[in-house]
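If you count the sequence shown from 1, position 73 lands on 73 in the UniProt record's numbering, and the numbers rise without skipping. Backbone N, C-alpha and C define an ideal beta-carbon position, used for all residues, glycine too. See structure below.
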Amino acid sequence: MPDPEITVVLADDHPVVRSGLRALLSSAPGVRVVAEAVDGREAIQAAAAHRPSVLLVDIQMPELDGIDATRAVAAVAPGTAVLVLTMFEDDDSVFAAVRAGARGYILKGAEQDEILRAVRCVADGGVIFGPRIARRVDALLSGGPGDLPNLPFPQLTDREREVLDLIAAGLANAQISDRLQLAHETIGDHISSIFAKLQVADRAQAIVQARDAGLGR
Numbered sequence: 001m002p003d004p005e006i007t008v009v010l011a012d013d014h015p016v017v018r019s020g021l022r023a024l025l026s027s028a029p030g031v032r033v034v035a036e037a038v039d040g041r042e043a044i045q046a047a048a049a050h051r052p053s054v055l056l057v058d059i060q061m062p063e064l065d066g067i068d069a070t071r072a073v074a075a076v077a078p079g080t081a082v083l084v085l086t087m088f089e090d091d092d093s094v095f096a097a098v099r100a101g102a103r104g105y106i107l108k109g110a111e112q113d114e115i116l117r118a119v120r121c122v123a124d125g126g127v128i129f130g131p132r133i134a135r136r137v138d139a140l141l142s143g144g145p146g147d148l149p150n151l152p153f154p155q156l157t158d159r160e161r162e163v164l165d166l167i168a169a170g171l172a173n174a175q176i177s178d179r180l181q182l183a184h185e186t187i188g189d190h191i192s193s194i195f196a197k198l199q200v201a202d203r204a205q206a207i208v209q210a211r212d213a214g215l216g217r
């Protein structure tokens with residue numbers, strides 16, 4: 001009996017990257033690309049619509065980054081395994097992706113066989129990291145809880161914490177929008193969510209809490 005088909009949604013804001021991945025995956029037996037997305041919001045919509053086996057997603061994308069998209073996909077398409085394919089290999093990015101629910105994390109520039117192996121692995125329910133990333137994850141896990149990043153306001157998403165940090169630094173919404181390359185409406189949505197989670201009524205109260213926690217420096 002043949003193995004079930006692996007369906008994939010590609011999410012990356014670079015057309016050349018998507019084209020290369022589409023060609024690679026389309027050439028692999030039993031793998032089919034069902035949709036593409038150019039930002040995090042489109043990635044969530046495509047995952048909800050197609051319920052793919054795998055969402056192959058970059059971290060840095062406009063509108064909504066790959067970390068927040070990963071977290072959202074876990075809610076709207078829980079059967080979809082998220083595989084991060086990115087240039088970022090810093091500890092914060094790796095830890096944030098794993099915490100958001102990614103089942104794999106590999107770097108752009110990986111060999112084609114490594115990418116295909118990772119897609120098949122997460123589709124089959126496994127967890128996989130590229131060799132350099134695996135060493136970082138092992139160090140994070142073996143170091144014990146005391147060595148894990150101690151982030152303020154754990155109830156916030158990573159993007160919300162980033163927005164709050166800029167608010168605490170005194171930036172206006174338009175400046176935050178320019179800095180993060182996000183739409184003004186998206187920044188407004190993040191700020192509304194931040195206020196609700198921190199249970200504050202206005203920007204001034206949010207700034208006080210943020211600066212007390214060491215943000216805004």
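Here the alpha carbons of Lys197 and Arg120 stand approximately 38 Å from one another.
Closest option to Arg22, judged by alpha-carbon separation, among Asp12, Val33, Asp13 and Pro29: Val33. In the three-state DSSP reduction, Val82 falls in the strand class (E or B).
Contact holds between the stretch 8-17 and the stretch 56-67, because three or more Cβ pairs, one in each stretch, are under 8 Å apart.
Beyond the five residues adjoining it in sequence on each side, Ala169 comes within less than 6 Å, by CB distance, of Gly216 in the same chain, given in chain order.
Restricted to the stretch 12-61, the alpha helix (DSSP H) segments that are unbroken, complete and at least 4 residues in length are 15-26 and 40-50, listed in chain order. The DSSP assignment places complete alpha helix (DSSP H) segments of no fewer than 4 residues inside the UniProt domain "HTH luxR-type" (149-214) at 158-168, 173-180, 184-198 and 203-212, in order along the chain.
Annotation for Leu64: no beta strand (DSSP E) segment contains it, and DSSP assigns it neither H nor E.
As the crow flies, the alpha-carbon of Gln112 is around 50 Å from that of Ala204.
If you look at Asp92, you'll find it in the alpha helix (DSSP H) that goes Asp91 to Ala100. Apart from the 5 residues on each side of it in sequence, Ala213 sits with its Cβ closer than 7 Å to the Cβ of Pro152 and Phe153 in its chain, given in chain order. Judged by DSSP secondary structure, Gly104 falls within the beta strand (DSSP E) whose first and last residues are Gly104 to Leu107. Comparing alpha carbon positions, the residue from Ala206, Arg18, Thr186 and Ile44 closest to Val76 is Ile44. The C-beta separation of Ile128 from Thr86 comes to about 14 Å, leaving the pair out of contact by the 8 Å criterion. Within the same chain, Cβ atoms closer than 6 Å to the Cβ of Val31 are found at Ile6 and Leu25, the five residues on either side in sequence being excluded. In this chain, the alpha helix (DSSP H) harbouring Arg117 covers Gln112 to Ala123. Burial is judged here by how many other beta carbons sit within 10 angstroms of a residue's own beta carbon; Asp158 has at least 16 and is buried. Going by beta carbons, Ala102 and Thr70 fall inside the 9 Å limit. Between Ile176 and Ile194, the C-beta spacing is not below 9 Å.
Taking all protein chains in view, the Cβ of Glu185 is surrounded by fewer than 16 other Cβ atoms within 10 Å, so the residue is classified as exposed.
DSSP lists Tyr105 as the beta-bridge partner residues of Phe129.
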